[in-house]
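Protein chains: 2
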Amino acid sequence: MTDDPAALIATMGARARAAAAVLARATTDAKRAGLRAATETIREDAAAILAANARDVAAGEAAGLSGAMLDRLRLDEGRLAAIADAVEAVAGLDDPVGAEIDRRERPNGLVLARVRVPIGVIGIVFESRPNVTVDAAALCVMSGNAAILRGGSEARDSNAALHAAFVRGLARAGLPGEAVQLVPTADRAVVGAMLAAAGVIDLVIPRGGKGLVARVQAEARVPVLAHLDGINHVYVDGAADPAMAEAVVVDAKMRRTGVCGAMETLLVDRAFPGLPALVGRLVATGCAVRGDPVALALAPGVMTAADDADWDTEYLDAICSVAVVAGVEQAIDHIARHGSHHTDAIVTEDTVVAERFLNEVDSAIVLWNASTQFADGGEFGLGAEIGIATGRLHARGPVALEGLTTYKWVGRGAGQVRG
Amino acid sequence: MTDDPAALIATMGARARAAAAVLARATTDAKRAGLRAATETIREDAAAILAANARDVAAGEAAGLSGAMLDRLRLDEGRLAAIADAVEAVAGLDDPVGAEIDRRERPNGLVLARVRVPIGVIGIVFESRPNVTVDAAALCVMSGNAAILRGGSEARDSNAALHAAFVRGLARAGLPGEAVQLVPTADRAVVGAMLAAAGVIDLVIPRGGKGLVARVQAEARVPVLAHLDGINHVYVDGAADPAMAEAVVVDAKMRRTGVCGAMETLLVDRAFPGLPALVGRLVATGCAVRGDPVALALAPGVMTAADDADWDTEYLDAICSVAVVAGVEQAIDHIARHGSHHTDAIVTEDTVVAERFLNEVDSAIVLWNASTQFADGGEFGLGAEIGIATGRLHARGPVALEGLTTYKWVGRGAGQVRG
C-alpha cells in the first residue's frame, strides 16, 4: 500500500509539469532524436526486458492468469522488436505542435492566430499489455506532453524494464526523463488519486477492458478520452450490391472479433433480397447468428432467436445479432437506440440514402460501403493512435497526435487598447 | 422543492435530445429563419417581458438584493432591444455545422472527411442577468444544439417571459420549441441533477460568479467549459515603448475593472525605466496599487505594500498589484505560478523576447503589445461568445459557435474490407 496516493501523484505531477514545459518548447528534431534514442535503448536492453517479462509471465502462471491474459502479457523477440519499431514510426510522424490552425487580422490591426500546443500532463491507465507503456510514451513525447503511466500489476517488471530503457533513451538525447514517469506501485488507490487530480493531470486515457474504462469514466474528476463499448452496426440497404454486402459484413464481423471496431449487429432492409445468403456466409465462417422474428422467418434453421438484450450487447466474439428493418430511417432509429456512438456503416448503391445515413447517424465514425474494422488510427492515416474516443468533446474516433494537442490564441499588436 | 430532480432532467433531456436531432439536420437558412422569428417575437412581447421583469425587480428589492444585482437583473426598453438585436446578429453569423475540417483519400480508395456536427444537448446554468437566457439560446440554436437553461430564481419571471417569446419564434419558423427548454423550478437540487446527467447533457456551461463556477467545476460529472479566475498579467519589458506601456496598462486595468479580461497584476522589468510614471498613471486614473518591495522603493509614496495573497487575487476592482522582475524569464515564471491561464500580455519592442513570451506563457490567450481587455469573442471576430474557457480540452479562450460543435469522421468507400 502507498501511504498517501494523492501526495505521490502530486509529486509525480509537479515533476511532469516541469518536464512538460521543456517538451512543449522542444523542436520537432529534438523530439524525434529522443524517440530514436529510445528505440535504440529498447533494442539494447532486449535481454533484460525479456528476462523481466519472463518473471511476470511466471508469476502470472503461478497466480492462475487466463491464457488470453498471459498471451497479452508475453513478449518475445518479435514482439519486442515491433515495440521498438513502433517508437521509430512515431518519430517519423508529422509534429502537430506549433501549427497555426487559423489566422485573422482584426480591423484594428491586431493579428490573432490559433496555434496548436500540447495538452500538458496525460495520465494513461492500462492493463496487462506492456507494449502500451512504450506506445503511449512515444505518442505523448512526440505531441509535447508529459505522461504518467500506471500499468497493471501483472506486467510490473516488464513495464519497469521498458520504462527504464525508454527514459534512458530520452536522457541520451537531452530530453528530461521525467517526461515519462511510471507509477511505482500496484496500489489501486493510486488510480483513484490520478482520477481525482484535477489541475495536476490534464487528461486521463484508459487502455484496457470495459471494467477499467467504466471505473475511470465513473470516478474521474479530470477529462477522459475513451470508449466503453463498440456496439457497431452494418446496415444493408435494399439498394446494396449483394456481393459487396457479403464481403463488408463478413469482414466487419469476422476479420477480428475481439476488436472495438467489430460489427455486433447486422441490420437488413426488408427490401434487400439477399438476407439468407448473407446470414449463410456468416454462419459458414463460424459465426453464431441471433435473429429477430422476421430474420428467423426469412432464413429458417440457421439462427437462434435474439432476445431484447442482444441489441445492446457487445459480443467481442463470433456472435452476431440480425434485425430486419423497413428502410434507412428505421435503421438510423435502431442505431440511435442501441448503438454506442463508435462506428456504424451502410452498404448501398443509393447515394441519397447513403448521405442520409452518414448525416443522421450520430457516431464518431460513419462509413459508406466499407467495413467497420477500418476504425483504427493507422487505417485512417493518422499514424499510431492512443485510443478511440466515443465522447463528444475535444476528439472523436481514432485519437492520434493531433488529439493530444489543444490550442492557444496568440495575438500580435502595435499597442492596441480596447478604449 | 422538486420531487425528483433527476427525473425532471431525464425528461427534459430526452425531449432535448429529440429536438437536437432535428436541429442537427436543419439547414443554415432554417436556423436563421428561426432566430429571426425569435427576434420578432421578443420585440412583440416587449411589454409583457418588461412587466415580468418589473415583478422580479420588485421582489428583488423586497428581498434586499444588492444594487449591483438589481442592476444586472433590470431590463428597460433599450436593454430589451439590445437582447433582440443580439439574436438577429447571431442569425447572421457563419454556420459551422457541416463544414469539412479535413479530407484524405487512403491508398485503398477510402475517402475520409472530418465534418463539424453539433455537440448535442448543452446545459447552461446562470445567475441574475436575464439576457443570458436569450444569448445562450441563440448560440445553441445556430450551432444546432438543444439547450437546457437554468437561470437564477431572482430572474424567474423575466426568464420565463423571454423564453416563451423565444420558443414561440422558433415554432413560428417550424423549429421545435423543445430545442430550448427552461428549468421550471428554482430548486437548487436541479442544478445538481444537471451536473450529474452524464449521457443526457453533453456539456455544461456556467455563466455567473465564482461561487457558481466553482460549484459546477467541483460537482460536474459532465464536461464543463468555463473559467474560474481571470488573474491576468501585463509584463512591461525593458525594451517596451513607455507611451505604449502606459496606454496598454491603463486600458488593461481600468477600461472596465469587473470583467474577466482585466489585468490584475502588473509585472515590470527592472530594466524598464518608466515604472514611476506607469504607476503614477494608474494612481491618477483612480487605481489603488500594491507593490512588492522593489516597486515600493522605485516609486515611493504612491503604493501600499502587497502581501503574498495579492499575487493570487482577482480583484475585479480598481486595484492592481505590481512586481518588479529580472526580465522575461522571471515574468513567465511568475505567471506560471500565479496566473489562471486566461489572458496575459507583454509590451516590448523586442521581437525575440515577445515570441518567447507568446510561446512559453501557458494561457488560453497571449498578447503582444495589446490590452488584455481584448479577451472577448466579439473583439476576436467570432461574433457573440458563450463564454471564455480556461480548461485545456476542446476549446480555449472565447468560445463561440465553432466551440459549440464537435466533429465526426465520414468515410466513403467502394466496398473496402480490412481483410
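As given, the protein sequences belong to chains A and B, one line each in that order.
So for the first sequence, my numbering puts the first residue at 628; every next one is plus one.
So for the second sequence, my numbering puts the first residue at 628; every next one is plus one.
For every residue, glycine included, the Cβ atom is placed at its ideal position computed from N, Cα and C.
None of the values given here were measured: they were computed from a predicted structure.
Check your understanding: Under a three-way DSSP split, which group does B:PRO811 fall into?
Key -> coil
Review point. Exposed or buried, what is B:ASP762 when buried is set at 16 or more other beta-carbons lying within 10 Å of its beta-carbon?
Key: buried
Review point. Which residues does DSSP pair with B:CYS1129 in a beta bridge?
Key: There is no way to answer for residue 1129 of chain B, as the model of chain B reaches only from 628 to 1046.
Point to revise | CB of B:GLY779 within 7 Å of CB of B:GLU754, strictly | key: yes
Review point. I think B:LEU852 touches B:GLY1014, with their Cβ atoms under 8 Å apart; what is that distance to the nearest whole Å?
Key: 6 Å
Check your understanding: Hey, does A:MET871 have any beta-carbon neighbour from chain B nearer than 7 Å?
Key -> yes
**Study point:** For B:MET930, the three-state DSSP class (helix, strand or coil)
**Key:** coil
**Study point:** Neighbourhood of A:ALA798 by C-beta distance below 6 Å, restricted to the same chain and skipping five residues each side
**Key:** GLY804
**Study point:** Spatially closest choice to A:GLY913 from A:ARG842, A:LEU923, A:ALA926, A:MET930, by CA coordinates
**Key:** A:MET930
Review point. Shorter than 7 Å from the beta carbon of A:THR1033 to some beta carbon of chain B?
Key: yes
Check your understanding: With C-beta atoms as the reference, is A:GLN1043 less than 7 Å away from A:LEU707?
Key -> no
Review point. Cβ of A:GLN957 less than 7 Å from any chain B Cβ?
Key: no
Review point. So the alpha helix (DSSP H) A:LEU839 belongs to, where does it begin and stop?
Key: 837-846
Practice item. Could you check what DSSP says for A:THR760 in three-state terms: helix, strand or coil? Key: helix
Exercise for review: Determine, using beta carbons only, whether A:ALA866 comes closer than 7 Å to chain B.
Suggested key: no
Practice item. Using alpha carbons as the reference points, say which of B:ALA823, B:GLY954, B:ASN758 lies closest to B:ALA711. Key: B:ASN758
**Study point:** Which listed residue (A:VAL744, A:PHE793, A:ASP989) has its alpha carbon closest to that of A:THR1032
**Key:** A:VAL744
Exercise for review: Excluding the 5 residues preceding and the 5 following B:HIS968 in the sequence, name in chain order all residues of the same chain whose CB lies nearer than 7 Å to its CB.
Suggested key: ASP989, SER990, ALA991, THR1017
Review point. Chain B beta carbons: is any one of them nearer than 7 Å to that of A:PHE1007?
Key: yes
Check your understanding: From A:ALA648 to A:THR638, what does the alpha carbon distance come to, in whole angstroms?
Key -> 16 Å
Check your understanding: Do you know how far the Cα of A:GLY1024 is from the Cα of B:TRP1036?
Key -> 7 Å
Check your understanding: Does the beta carbon of B:ASP656 sit closer than 7 Å to a beta carbon anywhere in chain A?
Key -> no
Check your understanding: CB-CB under 7 Å to B:PHE1007, same chain, minus the five flanking residues each way: which ones, in chain order?
Key -> PRO1025
Review point. From B:ASP939 to A:ILE749, what does the alpha carbon distance come to, in whole angstroms?
Key: 26 Å
Point to revise | the segment 783-791 of chain A in contact with the segment 808-821 of chain A per 3-pair CB rule at 8 Å | key: yes
Point to revise | Where A:THR1057 sits in the DSSP three-state scheme | key: Residue 1057 of chain A falls outside the range modelled here, since chain A spans only 628 to 1046, and no answer is possible.
**Study point:** Boundaries (first-last residue) of the beta strand (DSSP E) holding B:SER780
**Key:** Here B:SER780 belongs to no beta strand (DSSP E), and DSSP marks it neither H nor E.
Point to revise | Coil, strand or helix - B:HIS969 by DSSP | key: coil
Practice item. Tell me, please, which residues DSSP counts as bridged to A:HIS860. Key: A:THR892, A:ASP971
Check your understanding: Under three-state DSSP, which class holds A:ASP732?
Key -> It should be noted that the sequence gives Glu, not Asp, for residue 732 of chain A. Residue state, collapsed to three classes: strand.
Point to revise | Contacting residues, own chain, Cβ-Cβ under 6 Å from B:ALA862 (five flanking each side not counted) | key: The question names Ala, yet the displayed sequence has Tyr at residue 862 of chain B. Around B:TYR862: LEU894, ALA958, ILE973.
Review point. So with Cβ pairs under 7 Å, would you call B:ARG731 a contact of chain A?
Key: yes
Exercise for review: Show which residues of chain A have a CB atom less than 9 Å away from the CB atom of B:PRO850.
Suggested key: PRO850, GLY1018, ARG1019, LEU1020, HIS1021
Exercise for review: Please name the residues in the segment 770-797 of chain A whose beta-carbon is closer than 8 Å to at least one beta-carbon of chain B, in chain order.
Suggested key: none
Practice item. Closer than 7 Å by beta-carbon distance: list the chain B residues that pair up with A:GLY1040, in chain order. Key: LEU994, TRP995, ASN996, ALA997
Review point. Exposed or buried, what is B:GLU891 when buried is set at 16 or more other beta-carbons lying within 10 Å of its beta-carbon?
Key: buried
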